[in-house]
Amino acid sequence: MYKIMTAGPTQVRENVRLARSLECTNPDLDLAFYDFYKETCDLLSKALHTKNKAFILGGEGILGLEAACASLTEPNDRVLVIDNGIFGKGFVDFVKIYGGNPVLYTDDYHKSVNIEKLKSFLKTDHDFKYATIVHCDTPSGVLNDVESISKILDEYGIMSVVDSVAGMFGEPLNISNSKIDILCGGSQKALSAPPGLTMVWVSDRAFKAMEERTTPIASFYANILVFKNYYEEKWFPYTMPISDIYGLRKALDNFLDDQDVFKRHERIASACRKAITKAGLQLYLEDGWSNTVTVIKVPNGVTDTQILNGMQQDYQIMISGCFDVLAGKVIRIGHMGENAYANKVAETLEALQKTLENLGVLVERNMKELFLSYL
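Numbering-wise, our numbering puts 327 at position 326 of the sequence shown, and it's gapless, one number per residue.
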């Protein structure tokens with residue numbers, strides 16, 4: 002078995018695995034499960050400091066992103082797609098699928114979104130129904146200030162759809178200190194449950210926009226509105242993946258019990274970046290680093306495939322490569338959730354250094370020792 006130190010999915014704690022093995026009831030018919038589901042959703046709202054309703058959808062994190070666009074987009078709606086990373090740009094496809102007119106606002110892929118530049122753009126062009134923005138764009142590891150950005154958009158009446166799949170639960174996020182209308186998360190990142198579930202948090206304004214559409218939502222499975230009254234009506238639009246939700250609840254309990262969670266992520270991430278750069282390797286980003294993933298440029302003379310294969314075959318540790326415009330250019334270490342512990346990251350850096358040295362790459366200093374010294 003590989004030790005998973007990828008940028009998601011992450012490692013899963015034993016109590017989460019055991020929770021997924023509990024005896025199941027029929028989630029469509031057992032009223033007690035409706036209570037359990039609602040309690041879990043209420044805890045999700047509590048975890049992100051909001052009274053907005055949360056929902057758990059049966060599908061990997063991408064479902065939430067598509068569902069947000071499906072539920073809000075009507076034909077010819079102008080949608081601002083804020084793009085400073087591969088996943089940010091990816092919202093264009095979802096908007097087009099549902100008949101919208103995406104307008105791409107592209108910023109530097111090596112940095113967080115420049116808020117002052119965005120403000121200047123919006124002064125001259127702000128006729129948008131909603132905007133999309135990524136909290137942590139996982140391919141590059143860049144972190145955007147989505148709370149502030151959502152407030153700026155709200156000044157023009159623009160709703161916000163935020164992808165925080167790789168940000169939430171590893172980076173602080175307070176929905177009540179924002180104007181975020183639909184927030185999307187996934188089970189398999191910093192929450193450290195297995196892949197298979199999307200979580201969405203939905204504002205009253207977003208529900209109003211869905212209800213006042215002049216055209217029907219062009220999806221059933223990706224229709225957030227059908228969940229709105231599930232508890233009052235005791236009806237789910239499809240059979241809930243009950244074992245996955247049992248596991249998610251235990252992972253959420255683990256998060257809520259961890260008073261050090263955000264400081265731990267910050268310590269681990271900072272020490273990891275310092276160790277890597279002091280050893281002579283280069284980070285992809287210039288600033289705006291997320292505390293959930295570190296992205297490293299592939300050194301000259303080797304390929305990402307050689308590094309990834311070497312770590313798996315010789316040290317049984319799996320880290321991530323990348324795709325799209327970053328294909329072959331970077332490797333990624335995921336230090337989020339259950340991955341964000343000193344012993345796990347230290348072992349990963351040691352294996353990375355040995356792999357690079359086996360490939361003939363000069364590493365100037367001992368990354369494991371540096372990492373531990375910076376904690």
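Beta carbons are placed, not taken as given, at the ideal position from N, Cα and C, and that holds for glycine.
Span of the beta strand (DSSP E) around residue i
i: Asp305; result: Note, Asp305: premise wrong, no beta strand (DSSP E); alpha helix (DSSP H) at Asp305 to Tyr316.
i: Lys298; result: Val294 to Lys298
i: Gly187; result: Ile183 to Gly187
Residue from the options with nearest C-alpha to residue i
i: Pro10; options: Leu192, Gln354, Glu117 and Asp315; result: Leu192
i: Ile320; options: Gln314, Ile332 and Lys124; result: Ile332
i: Lys39; options: Leu58, Ser149, Leu23 and Glu24; result: Leu58
i: Lys54; options: Thr133, Ile87, Asp84 and Asp205; result: Asp205
i: Leu49; options: Asp245, Lys130, Leu286 and Val203; result: Val203
i: Glu172; options: Val147, Ala69 and Asp155; result: Val147
i: Leu249; options: Met160, Leu144, Leu30 and Glu61; result: Glu61
i: Ala8; options: Val303, Leu360 and Gly335; result: Gly335
i: Ile308; options: Leu284, Glu339, Glu358 and Met337; result: Glu358
i: Leu45; options: Leu284, Ala276, Leu371 and Leu253; result: Leu253
i: Arg366; options: Leu282, Gly142 and Lys298; result: Leu282
i: Leu105; options: Leu30, Phe92, Pro195 and Gly302; result: Phe92
C-beta contact flag for residue i and residue j at 8 Å
i: Val96; j: Val82; result: yes
i: Ala207; j: Asp182; result: yes
i: Ser271; j: Tyr375; result: yes
i: Met2; j: Ile318; result: no
i: Ile269; j: Ala343; result: yes
i: Met312; j: Thr278; result: no
i: Gly89; j: Asp138; result: yes
i: Arg274; j: Thr295; result: yes
i: Pro300; j: Val362; result: yes
i: Asp109; j: Asn85; result: yes
i: Ile176; j: Thr349; result: no
i: Val280; j: Met368; result: As written in the sequence, residue 280 is Ala, which differs from the Val given in the question. A contact, by the Cβ cut-off of 8 Å.
i: Val364; j: Ile87; result: no
i: Phe129; j: Arg79; result: yes
i: Val162; j: Tyr131; result: yes
i: Met160; j: Ala210; result: yes
i: Leu284; j: Ile297; result: yes
i: Glu339; j: Val135; result: no
i: Ser220; j: Ala69; result: no
Bridge partner(s) assigned by DSSP for residue i
i: Phe56; result: Val201
i: Ser321; result: Arg333
i: Leu396; result: Nothing in the structure corresponds to residue 396, since the chain is present only between 2 and 376.
i: Asp138; result: Val143
i: Met169; result: Glu172
i: Lys4; result: Ile318
i: Trp290; result: Val143
i: Leu284; result: Ile297
7 Å CB neighbourhood of residue i in its chain, flanking five on each side removed
i: Lys251; result: Asn16, Val17 and Ala20
i: Leu389; result: Given that the chain is displayed from residue 2 to residue 376, the structure contains no residue 389 and the question cannot be resolved.
i: Asp155; result: Lys180
i: Ala276; result: Leu350, Met368, Leu371, Phe372 and Tyr375
i: Glu67; result: Phe95 and Ala223
Run of the alpha helix (DSSP H) containing residue i, from where it starts to where it stops
i: Ser161; result: Element bounds for Ser161: not the alpha helix (DSSP H) but the beta strand (DSSP E), Met160 to Asp164.
i: Asn354; result: For clarity, residue 354 is Gln in the given sequence; the question names Asn instead. Ala343 to Asn359 is the span of the alpha helix (DSSP H), which, as asked, contains Gln354.
i: Arg274; result: Val262 to Lys279
i: Ala20; result: Glu15 to Ala20
i: Thr125; result: Ile116 to Thr125
i: Asn255; result: Ile243 to Asp258
i: Val93; result: Ile87 to Ile98
Own chain residues within Cβ distance below 6 Å of residue i, not counting five before or after
i: Ser288; result: A quick correction: the sequence has Asp, not Ser, at residue 288. Closer than 6 Å at the Cβ level, and outside the excluded window around Asp288, lie Lys112.
i: Cys323; result: Pro140 and Val331
i: Gly186; result: Ser165, Val166, Met169 and Met200
Close Cβ partners of residue i (< 8 Å) along its chain, the five nearest in sequence each way excluded
i: Ser244; result: Arg21, Ser22, Leu23 and Cys25
i: Gln354; result: Ala280, Val364, Asn367, Met368 and Lys369
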